[in-house]
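**Student:** Handing you a structure now.
In my numbering, the protein residues as written are 920 to 1276.
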């Protein structure tokens, strides 16, 4: 099972090596990666990650984007040298966010709605043809439908996040630790938090948003999208978790927000203040945007609410193994041959009796 699941992960990693560069851009026909990145299948990834300004902005914690934009080259140099602010698994990269919605005082606003993340998820689960057009269908059934995935869930969403973060990095071989960012920690931190808060309105709104972004799997209806913009703050606390656990009261918010994509009011559980940033609050990208614990490899297809101890976490292989072939039918023994009618024994011919003289 583990070999098959790892094979699925390898397939996704390979298919995203070049296609993932298009998902950096909201519109690849109009936008460009600066400086240009090599797109040869045999080229190295040395010009990605913190060596490329466009890509580095997506890897930058969302709350630090303003500082990055002030002088991208200086920010990149400091990260590469290790003397600047260090990205981490709990200072979420801006590629997880729709930065038009990001609010430094409400880290849940725009979280997991970045266009890079959404396009990557579609590439994996509903096919590359649907990445930029969610209603476009491929000629063959998408991977998600083949494996019985009925709707997006936090595990396969974060699987896509891990895949695209690796794609954009300058790491040549698969690894879950890229610089100071532990992708397994990021995966489980977000999964645990969202599953723990599954009854909160912001999580329900988030999953409704994803249903709307994945008509190739199902069903969801359309709804109006928020267009509120905000400017990130420049805090450098340990992580973004506290902002999700301690949301600010509606009275303390500086402005009112329009309804979320699912139509629910954002005041119902979006945002949190506090000094720490905690998991979930970093985003530089715009647009819209599975791990069970110790034991055998887990699938991103089926959500689970069992938290995993930190010392037992490793990134799960996120694509499920192909279904096992059906067992061959048990052969039916041939019926015994029919017995024919037993022939009557032939009587021996009688010898003529001797006549008396």
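Virtual Cβ for every residue (Gly too), placed ideally from N, Cα, C. Quick caveat, the model's predicted, so the values are computed rather than measured.
Rounded to whole angstroms, how far is the Cβ of residue 998 from the Cβ of residue 969, which I believe are closer than 8 angstroms?
**Tutor:** That pair is a contact at about 5 angstroms.
**Student:** Secondary structure at residue 952, three-state DSSP: helix, strand or coil?
**Tutor:** In this structure, residue 952 counts as coil in the three-state DSSP scheme.
**Student:** Please name the residue in 1075, 1127 and 1108 whose C-alpha comes closest to that of residue 1036.
**Tutor:** Among 1075, 1127 and 1108, the Cα nearest to that of residue 1036 is on 1075.
**Student:** Is the beta carbon of residue 1081 closer than 7 angstroms to that of residue 1107?
**Tutor:** It is not a contact, given that the beta carbons lie outside the stated cut-off.
**Student:** With a cut-off of 8 angstroms, do at least 3 Cβ pairs link the region 1009-1022 to the region 969-987?
**Tutor:** Yes, the region 1009-1022 is in contact with the region 969-987.
**Student:** Between the C-alpha atoms of residue 957 and residue 967, what's the straight-line distance to the nearest angstrom?
**Tutor:** Cα-Cα distance, rounded: 9 angstroms.
**Student:** Confirm, please, whether the CB-CB distance from residue 1089 to residue 1005 is below 7 angstroms.
**Tutor:** It is not a contact, given that the beta carbons lie outside the stated cut-off.
**Student:** Under a Cβ-count criterion, where at least 16 other Cβ atoms within 10 Å of its own Cβ denotes burial, should residue 1000 be classed as buried or exposed?
**Tutor:** It is exposed - the Cβ of residue 1000 has fewer than 16 other Cβ atoms within 10 Å.
**Student:** Grouping DSSP H, G and I as helix and E and B as strand, with all else coil, what is residue 991?
**Tutor:** Of the three classes helix, strand and coil, the one that applies to residue 991 here is helix, per DSSP.
**Student:** Decide if residue 1042 is buried, meaning its Cβ has at least 16 other Cβ atoms within 10 Å, or exposed.
**Tutor:** So residue 1042 ends up on the buried side.
**Student:** To the nearest angstrom, how far is the alpha carbon of residue 1103 from that of residue 1096?
**Tutor:** Cα to Cα, residue 1103 sits roughly 8 angstroms from residue 1096.
**Student:** What runs of the alpha helix (DSSP H), each 4 residues or longer, lie entirely inside the region 1043-1121?
**Tutor:** You should have 1062-1065, 1073-1087 and 1102-1115.
**Student:** Specify the secondary structure class of residue 1000 as computed by DSSP and reduced to three states.
**Tutor:** In the structure shown, residue 1000 sits in a helix (DSSP, three-state: H, G or I).
**Student:** Just to confirm before moving on: does the CB-CB distance between residue 1050 and residue 1038 stay below 7 angstroms?
**Tutor:** The answer is yes: Cβ separation under 7 angstroms.
**Student:** How would you write the range of the alpha helix (DSSP H) that residue 978 sits in, first residue to last?
**Tutor:** Taken as a continuous stretch (DSSP letters only), the alpha helix (DSSP H) holding residue 978 covers 972-978.
**Student:** Could you tell me the alpha carbon to alpha carbon distance between residue 945 and residue 1131, rounded to whole angstroms?
**Tutor:** Using only the alpha carbons, I get a separation of about 18 angstroms.
**Student:** From this set, 1254, 1128 and 1092, which residue's C-alpha is nearest residue 933's C-alpha?
**Tutor:** It is 1092.
**Student:** Which residues does DSSP list as the beta-bridge partners of residue 885?
**Tutor:** Past the boundaries of the shown model lies residue 885; the chain is included only from 920 to 1276, so the question cannot be answered.
**Student:** Out of 991, 1085, 1069 and 947, which one is the CA nearest neighbour of residue 931?
**Tutor:** It is 1085.
**Student:** Which value, in whole angstroms, describes the spacing of the CA atoms of residue 1024 and residue 1162?
**Tutor:** Between residue 1024 and residue 1162, the C-alpha separation is close to 8 angstroms.
**Student:** Could you tell me if residue 1067 is buried or exposed, where buried requires 16 or more neighbouring beta carbons within 10 angstroms of its beta carbon?
**Tutor:** Residue 1067 comes out exposed.
**Student:** Using the Cβ count rule (16 or more neighbours within 10 Å means buried), how would you classify residue 1094?
**Tutor:** Classification for residue 1094: exposed.
**Student:** What do you reckon, are the CB atoms on residue 1026 and residue 1124 nearer than 7 angstroms?
**Tutor:** Not closer than 7 angstroms, so no.
**Student:** Looking only at its chain, what residues have a beta carbon closer than 6 angstroms to the beta carbon of residue 1308, apart from the 5 residues adjacent to it on each side?
**Tutor:** Residue coverage of the chain in this structure runs from 920 to 1276, which leaves residue 1308 outside it and unanswerable.
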